[in-house]
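There are 2 protein chains.
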Amino acid sequence: MKKVQLEHAEALESGLVDIGRAMQASGVSAKMIRHYEEIGLLGNVARTAANYRIYSAQHVHVLRFIKRARTLGFSMEEIRELLGLWQDRRRSSASVRKIATHHIDELQAKIAELQGMLGTLQQLVHCCAGDHRPDCPILDDLAEYEPAHDAI
Amino acid sequence: MKKVQLEHAEALESGLVDIGRAMQASGVSAKMIRHYEEIGLLGNVARTAANYRIYSAQHVHVLRFIKRARTLGFSMEEIRELLGLWQDRRRSSASVRKIATHHIDELQAKIAELQGMLGTLQQLVHCCAGDHRPDCPILDDLAEYEPAHDAI
DNA sequence: GGTCGACCTTACTACCGTGGGAAGGTCAAG
DNA sequence: CTTGACCTTCCCACGGTAGTAAGGTCGACC
């Protein structure tokens, strides 16, 4: 097992890319690429003799996978699982679907929460004159709101 | 200007409360009450001779204000501004309304973003068999998605 | 008095994902 | 040889909350 250390120019000619190109190709910042490596999402990343990171096409593919998953709001932990399933040929689509539906539930809960806030605020803003006078139902709500005491 | 240091029992008799009671009365954890003091939202907080924090009814009122504002999703910076306006008798309701409408815009943007994620995910989940087989449109999307190249 | 449990204090750590910046090494082109 | 773009590592920040550790203090009870 010889460890072959490529020079920078050499590496780029063999279809490998440096972090700048990986960044362009994936849309993930260099900062985050290093971070994803550090938390173990990229596996082994080669280095040139000068210690520069060198990425294979597969690495870039993983980065684009992560980027897309982040865009869909998956957490890093979920992404870790999804990557594992992606690379496992014996996975079941059910296991992927389970993660996705769980994430859908979270999204729906979050949306409901935000819509609750939004509704209340819209009501308050609607009632607020919004002029030079100090009287303000918004502040009144914040100052005087009493939580419903459902609990004993 | 004598600095009168009250004893614990003495203080509680004068309508002042310790952090535990402030926590119960406001719904804000002791941890966060100290934090809010540290970042300057509570002003001067008195201490007993034994260095325990002692809160006035006004302090508790501020804490409930903060609690309610957090429930509506305002950021700490926005809450700082709202508190300032609340305590300013010459405020205009327009200035409060402005903060609130800005927050409404943020909420709407966030909701739209989450709904975008949700829609895409629901579509993908809908297309996924979710059985023992490995074929999975969800993973396919994550792995092969190409961002639209609107930019040059 | 002594002791117990509940409460308080400060100070540090972590979470999540991202960005900023310092201080230094390396590349390729002029 | 210099320049400027790029790379390296390392540390810090955000926002808001929670956890933990090590210690001081309260009231109540024996």
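Quick mapping for you: the protein sequence lines, in order, are chains X and G. First residue of the first sequence: 1, per my numbering; consecutive thereafter. First residue of the second sequence: 1001, per my numbering; consecutive thereafter. Note that the Cβ used here is the ideal one computed from N, Cα and C, for glycine as well.
Taking the DSSP output, what are the residues bridged to residue i?
i          : result
Ala1143(G) : Per DSSP, none; premise fails for Ala1143(G).
Arg90(X)   : None; Arg90(X) has no bridge partner.
Tyr55(X)   : Val17(X)
Ala1046(G) : Ile1054(G)
To the nearest whole angstrom, what separates the beta carbons of residue i and residue j, a pair I think is in contact under 8 Å?
i          : j          : result
Ala1025(G) : Val1060(G) : 5 Å
Pro147(X)  : Ser1093(G) : With 8 Å as the limit, Pro147(X) and Ser1093(G) do not qualify as a contact, their Cβ atoms being about 24 Å apart.
Leu1118(G) : Gly1073(G) : Not quite, the Cβ-Cβ distance comes to about 19 Å (not below 8 Å), so this is no contact.
Ser1014(G) : Met1023(G) : No, Ser1014(G) and Met1023(G) are not in contact; Cβ-Cβ is about 19 Å, not under 8 Å.
Gly40(X)   : Lys67(X)   : No, Gly40(X) and Lys67(X) are not in contact; Cβ-Cβ is about 17 Å, not under 8 Å.
Gly1130(G) : Arg97(X)   : 4 Å
From what residue to what residue does the alpha helix (DSSP H) around residue i run?
i        : result
Ile99(X) : Ser93 to Cys127
Ile33(X) : Ala30 to Glu38
- Against chain G: residues of the stretch 95-114 of chain X by CB proximity under 7 Å: Val96, Arg97, Ala100, Thr101, His103, Ile104, Leu107, Gln108, Lys110, Ile111 and Leu114
- Does the stretch 1116-1129 of chain G come close enough to the stretch 44-59 of chain X to have 3 or more Cβ pairs within less than 8 Å? no
- Message: Taking contact to mean 3 or more Cβ pairs, one atom from each stretch, closer than 8 Å, check whether the stretch 1077-1085 of chain G and the stretch 101-112 of chain X are in contact.
- Response: no
- Task: Take every Cβ of the stretch 1106-1118 of chain G, pair it with every Cβ of the stretch 130-143 of chain X, and state whether three or more of those distances are shorter than 8 Å.
- Result: no
- Message: Taking contact to mean 3 or more Cβ pairs, one atom from each stretch, closer than 8 Å, check whether the stretch 1064-1079 of chain G and the stretch 1044-1052 of chain G are in contact.
- Response: no
- Query: When you check each C-beta in the stretch 118-134 of chain X against every C-beta of chain G, which residues fall closer than 7 Å?
  - Reply: Leu118, Thr120, Leu121, Gln122, Leu124, Val125, Cys128, Ala129, Gly130, Asp131, His132, Arg133 and Pro134
- Query: Taking any Cβ of chain X, which residues in the stretch 1030-1063 of chain G have a Cβ under 8 Å from it, in chain order?
  - Reply: His1061
- Query: Between the stretch 1064-1077 of chain G and chain X, which residues of the former have CB atoms less than 7 Å from a CB of the latter, in chain order?
  - Reply: Phe1065, Arg1068, Ala1069, Leu1072 and Gly1073
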